[in-house]
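Line by line, the protein sequences are chains R and U. Quick note on this note's numbering: the first sequence kicks off at 261 and runs consecutively. Quick note on this note's numbering: the second sequence kicks off at 23 and runs consecutively. Glycine included, every Cβ here is placed at the ideal spot set by N, Cα and C. The structure appears below as structure tokens.
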Amino acid sequence: MMTVLLQRRISGHGRRSGSLAKRWPRVKERPEIAVDWSGLIAQIALRGDREAFRRLFEFFAPRVKGYLLRTGSSEAEAEEIAQETMIALWRKADRFDPATSGAVAWIYTIARNLRIDAVRRGRRAKRMLQDIEAEYRPEPVESTETTHGRSQEAAHVEAALQRLPVQQSEIIRLSFLEERPHSEIAALLGIPLGTVKSRVRLAMNRLRELLDDLK
Amino acid sequence: MTIEHHPPEELIARFAAGRLDPAEHIVIAAHVAMCARCRRFVAAFERLGGAALEAAEPAALAAGACDAAMARIDAGDTVPAVPRSRRAEASGLPRTLDYYEIGRVRRVAPGLTMRPIVVPGATKSRAFLLMADPGTRMLEHTHTETELTCVLQGSFSHEGGRFGPGDFDLGDETIDHRPAVGSDMPCVCLVAMSGKLRINGLLGRLIEPFIRL
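Below is the structure:
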């Protein structure tokens, strides 16, 4: 499942040359991967487990902050959103459904939504405070979509991602999620600057195809 | 309801990463709400986002940040959610719009009205609902920048095909078109527009100052 994706991480010194396989080895390098984050979230929902919260906080809060710093947030904003993300995790723990999204992806969406909110708040002081979650996770219009259907959907998505070649998921991540400039991506992957754009497009088309094929 | 026209992958990707202009965000959100195919694409991106998060270089929080978070939880420190207006729901508009203030109806041209949507933080584009009477033919026009459209009700057609509920259309400066609204029912679209409309031809130049979009 997610483990395959999680092992392909960019290290701080990604400029080494060599094959992608060398840079993102498939061997397990991070023992934390074995932690059952969904189980810890369930413990919070079931009995307000503070120890579970602390473990989630210790792992995720610094990563949320690091991710936000990487993608352009200020120190103060990253600190605040990292805290708010964890507070939101506590409050929404009972609404987390491990069958429809992985714990890590769920936490990502919380942080992302809070960052959007912060951007909007910054631009207009008298902004309406709102839970923008509904905007991001709009209820599907089709009423036939059941919980069972949703977890099947999640399995489809997971299967498509597993079939996506490592290089392609990596370039999507570098470009859209880590928001690295094309020049940096070219240097990281050791490819000419001029081909970054077409490779990104190729990767996204491939992802679309894989998602469509599984239907 | 078969959706045939989808947003370009790049727009959905930026939507999923939370990096679209707020006005454009609403239009993509409306499409995604109606389109299972694009919901899957968003879900895939969110998983990659999770992987990016997990791989991020950790940055230490202030000392005692976890206790501070617990204290805020205990204090019931919440960001109060604004009650949904339900205005949108009542009028058959997508739920996405429940969270926005929708302005009064304004006449744009014969057979064409619009309602502005108040979008906090929108700097690049503005969002509005565009309502056209059945059979309305728009003048041939171009966009100086981009126009994102999601059909909510009814249909229109142009050289690019027929666009019904849920369909997404992208207009830019390279596209010269003359949409015609389906004759069976009024057409309601959610639009995010940056730049201006350019109406072609002499007639267009004459009436352009009167078209208020």
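When the Cα atoms are used, what is the spatial distance from residue i to residue j?
i, j, result
"Ala463(R)", "Gln422(R)", "13 Å"
"Val33(U)", "Phe190(U)", "The question names Val, yet the displayed sequence has Leu at residue 33(U). Taking the straight line joining both Cα atoms gives about 11 Å."
"Pro80(U)", "Gly182(U)", "47 Å"
"Ser458(R)", "Arg355(R)", "39 Å"
"Leu437(R)", "Ile139(U)", "29 Å"
"Val127(U)", "Ala82(U)", "51 Å"
"Ala447(R)", "Ser435(R)", "13 Å"
"Ala39(U)", "Val460(R)", "15 Å"
"His207(U)", "Ala353(R)", "Sequence check: residue 207(U) is Met here, not His. Going by the C-alpha atoms only, they are around 44 Å apart."
"Ala52(U)", "Pro116(U)", "6 Å"
"Cys57(U)", "Leu170(U)", "16 Å"
"Gln412(R)", "Leu42(U)", "28 Å"
"Arg351(R)", "Gly125(U)", "34 Å"
"Met136(U)", "Val210(U)", "9 Å"
"Arg314(R)", "Ser298(R)", "14 Å"
"Ala73(U)", "Pro156(U)", "48 Å"
"Gly176(U)", "Thr360(R)", "33 Å"
"Leu75(U)", "Lys325(R)", "9 Å"
"Ala414(R)", "Asp357(R)", "11 Å"
"Leu424(R)", "Asp96(U)", "43 Å"
"Ala312(R)", "Val295(R)", "11 Å"
"Ala254(R)", "Ala144(U)", "The first residue shown for chain R is 261 and the last is 475, placing residue 254(R) beyond what the model contains."
"Arg307(R)", "Met92(U)", "15 Å"
"Glu26(U)", "Leu212(U)", "17 Å"
"Arg184(U)", "Thr331(R)", "39 Å"
"Glu518(R)", "Ala84(U)", "Chain R is shown from 261 up to 475; residue 518(R) falls before or after that span and cannot be answered."
"Ala365(R)", "Phe178(U)", "37 Å"
"Ala342(R)", "Glu444(R)", "26 Å"
"Leu219(U)", "His165(U)", "5 Å"
"Arg468(R)", "Gly86(U)", "44 Å"
"Glu418(R)", "His28(U)", "22 Å"
"Arg381(R)", "Thr455(R)", "37 Å"
"Ala529(R)", "Arg410(R)", "This structure cannot settle anything about residue 529(R), because the visible part of chain R is limited to 261 through 475."
"Tyr122(U)", "Val141(U)", "7 Å"
"Arg94(U)", "Phe67(U)", "31 Å"
"Ile301(R)", "Leu316(R)", "8 Å"
"Glu195(U)", "His47(U)", "20 Å"
Please tell me whether, using a cut-off of 7 Å, the distance from the CB of residue i to the nearest non-hydrogen atom of the ligand SAH is below it.
i, result
"Ala81(U)", "Here there are no bound small molecules, and the ligand SAH is not part of this structure."
On the three-state DSSP scale, how would you describe residue i?
i, result
"Val460(R)", "helix"
"Phe317(R)", "helix"
"Ile270(R)", "For Ile270(R), the predicted model reports a pLDDT of 40, less than 50, meaning its position is unreliable and no value from the coordinates is stated."
"Ala84(U)", "coil"
"Gly72(U)", "helix"
"Cys60(U)", "helix"
"Met215(U)", "strand"
"His47(U)", "helix"
"Asp191(U)", "strand"
"Gly183(U)", "strand"
"Arg323(R)", "helix"
"Glu123(U)", "strand"
"Met207(U)", "coil"
"Val130(U)", "strand"
"Thr24(U)", "coil"
"Glu79(U)", "coil"
"Val141(U)", "coil"
"Thr455(R)", "helix"
"Glu169(U)", "strand"
"Arg159(U)", "strand"
"Glu469(R)", "helix"
"Leu265(R)", "With a pLDDT of 41 at Leu265(R), under the threshold of 50, the modelled position of this residue cannot be trusted, and the question is left open."
"Leu174(U)", "strand"
"Leu42(U)", "coil"
Taking the CB atoms as reference points, tell me whether residue i and residue j lie closer together than 8 Å.
i, j, result
"Val54(U)", "Val64(U)", "yes"
"Leu246(R)", "Ile376(R)", "Here chain R covers residues 261 to 475 and nothing more, so residue 246(R) does not appear."
"Ala78(U)", "Tyr368(R)", "no"
"Gly217(U)", "Glu162(U)", "no"
"Ala35(U)", "Ser147(U)", "no"
"Phe319(R)", "Met346(R)", "no"
"Gln427(R)", "Arg466(R)", "no"
"Met160(U)", "Pro201(U)", "yes"
"His442(R)", "Leu449(R)", "no"
"Arg62(U)", "His416(R)", "yes"
"Asp472(R)", "Arg59(U)", "yes"
"Leu70(U)", "Arg372(R)", "no"
Subject >> Any beta strand (DSSP E) of 3 or more consecutive residues that is wholly inside the segment 401-439 of chain R >> reply: none
At 4 residues or longer, and completely inside the segment 336-384 of chain R: list those alpha helix (DSSP H) runs for me, N to C. Complete alpha helix (DSSP H) runs here, min 4: 363-383.
> Taking contact to mean at least 3 C-beta pairs separated by less than 8 Å, is the segment 130-139 of chain U in contact with the segment 151-159 of chain U?
Replying inline: yes
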